[in-house]
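Have a look at the structure below before the remarks.
Protein chains in written order, with the working numbering: chain L, 9 to 121; chain U, 1299 to 1409.
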């Protein structure tokens, strides 16, 4: 069974640009989560999508946004990039919208120069 | 606000030297506690879910336990391939499905 996949693996952008990150969940999973892992800050929750709807949002500015498509894949968009947005962005998926473990992808390393 | 604290931050072990990692939490209504393993530059790999105090789970050399205020990950007779960062996370009632993570414990097992 294929795991969570993310693309691209690495992304280099300039301050002020926009970045788009993509995620495909495990087959059968309908919930997708996005987390940011910045150096020294640990894993921070960004967004949760389930059945195409945004269900919860972490303490991040509105320039972090995303969407979930009918096939349950998801996209994270970061507008007006700042240097401190440099981090590993991790996508996770889970069964339905209930309690349960989340399975993570390999991440996208975003570097803002 | 939910809080998760892991200790120690780093642990150096000799191969075969058993030890325990601690995860203490302060949450409103624990729904689940999760342990993950993360290798450098990779995504976290799911290890265990614990739902209620007294519960224990085992996998190879790893054993996770849960009390009302903390969880322990015991590593028995570790091997160099057990070297990784071990992350603890909680799901709590008011926070929906999001995971709140601790800072992790970096474990290095020397041959």
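Note that the Cβ used here is the ideal one computed from N, Cα and C, for glycine as well. All of these numbers come straight from a predicted model, not from anything done at the bench.
Residues in the same chain with beta-carbon distance under 8 Å from residue 1316 of chain U, minus the five sequence neighbours each way, listed in chain order, please. Here residue 1316 of chain U corresponds to residue number 18 of the second chain, with the count starting at 1. Once the five neighbours on either side are set aside, the close Cβ partners of residue 1316 of chain U are 1372, 1373, 1374, 1375 and 1376.
Cut-off 6 Å between Cβ atoms - residues of its own chain near residue 1399 of chain U, not counting five sequence neighbours on either side: Here residue 1399 of chain U is taken as the residue at index 101 of the second chain, counted from 1. So the list reads 1385 and 1387, once near-sequence residues are dropped.
Examine chain U for any beta-carbon lying closer than 9 Å to the beta-carbon of residue 122 of chain L, and answer yes or no. Given that chain L is displayed from residue 9 to residue 121, the structure contains no residue 122 of chain L and the question cannot be resolved.
So what does DSSP say about residue 49 of chain L, is it helix, strand or coil? One-based indexing of the first chain puts residue 49 of chain L at position 41. Coil at residue 49 of chain L, not helix or strand.
Leaving aside the five residues before and after residue 46 of chain L along the sequence, list all residues of the same chain whose C-beta is less than 6 Å from its C-beta, in chain order. Residue mapping note: residue 46 of chain L aligns to position 38 of the first chain, counting from 1. Around residue 46 of chain L: 95.
Within a Cβ cutoff of 8 Å, which residues of the same chain sit near residue 103 of chain L, ignoring the five residues on either side of it in sequence? On the first chain, residue 103 of chain L is found 95 positions in, with the first residue counted as 1. Excluding positions up to five away in sequence, the list reads 36, 37, 38 and 39.
State the Cα-Cα distance for the pair residue 20 of chain L and residue 1327 of chain U, rounded to the nearest angstrom. Locating residue 20 of chain L in the first chain gives position 12, where the first residue counts as 1. Locating residue 1327 of chain U in the second chain gives position 29, where the first residue counts as 1. Each residue's Cα considered, the two are about 41 Å apart.
With respect to the beta strand (DSSP E) encompassing residue 1383 of chain U, which residues constitute its N-terminal and C-terminal limits? Your numbering for residue 1383 of chain U matches position 85 in the second chain. Here the beta strand (DSSP E) through residue 1383 of chain U covers 1382-1390.
Contact list for residue 1370 of chain U against chain L, beta-carbon separation under 9 Å: Stepping through the second chain from its first residue, residue 1370 of chain U is reached at position 72. Near residue 1370 of chain U there are no residues of chain L at all, since even the closest Cβ is about 19 Å away, more than 9 Å.
Kindly identify the DSSP beta-bridge partner or partners of residue 116 of chain L. As a position in the first chain, residue 116 of chain L is number 108, starting the count at 1. Beta-bridge pairing links residue 116 of chain L to L:97.
Thinking C-alpha only, which one of L:73, L:52 and L:50 is nearest residue 30 of chain L? Here residue 30 of chain L refers to the residue found at position 22 when the first chain is read from its first residue. That would be L:73, whose Cα lies nearest to the Cα of residue 30 of chain L.
Out of U:1403, U:1396 and U:1408, which one is the CA nearest neighbour of residue 53 of chain L? Taking the first residue of the first chain as position 1, residue 53 of chain L is located at position 45. Selected option, being the one with the closest Cα: U:1396.
Mind listing the chain L neighbours of residue 1340 of chain U? Cutoff is C-beta to C-beta under 8 Å, in chain order. Walking along the second chain from the start, residue 1340 of chain U turns up at place 42. Correct list: 114 and 115.
Could you pull the DSSP bridge partners for residue 1370 of chain U from this structure? Residue mapping note: residue 1370 of chain U aligns to position 72 of the second chain, counting from 1. DSSP lists U:1320 and U:1363 as partners of residue 1370 of chain U.
Find the nearest neighbour of residue 88 of chain L within the set L:22, L:12 and L:13, judged by alpha-carbon distance. On the first chain, residue 88 of chain L is found 80 positions in, with the first residue counted as 1. The residue with the shortest Cα to Cα distance from residue 88 of chain L is L:22.
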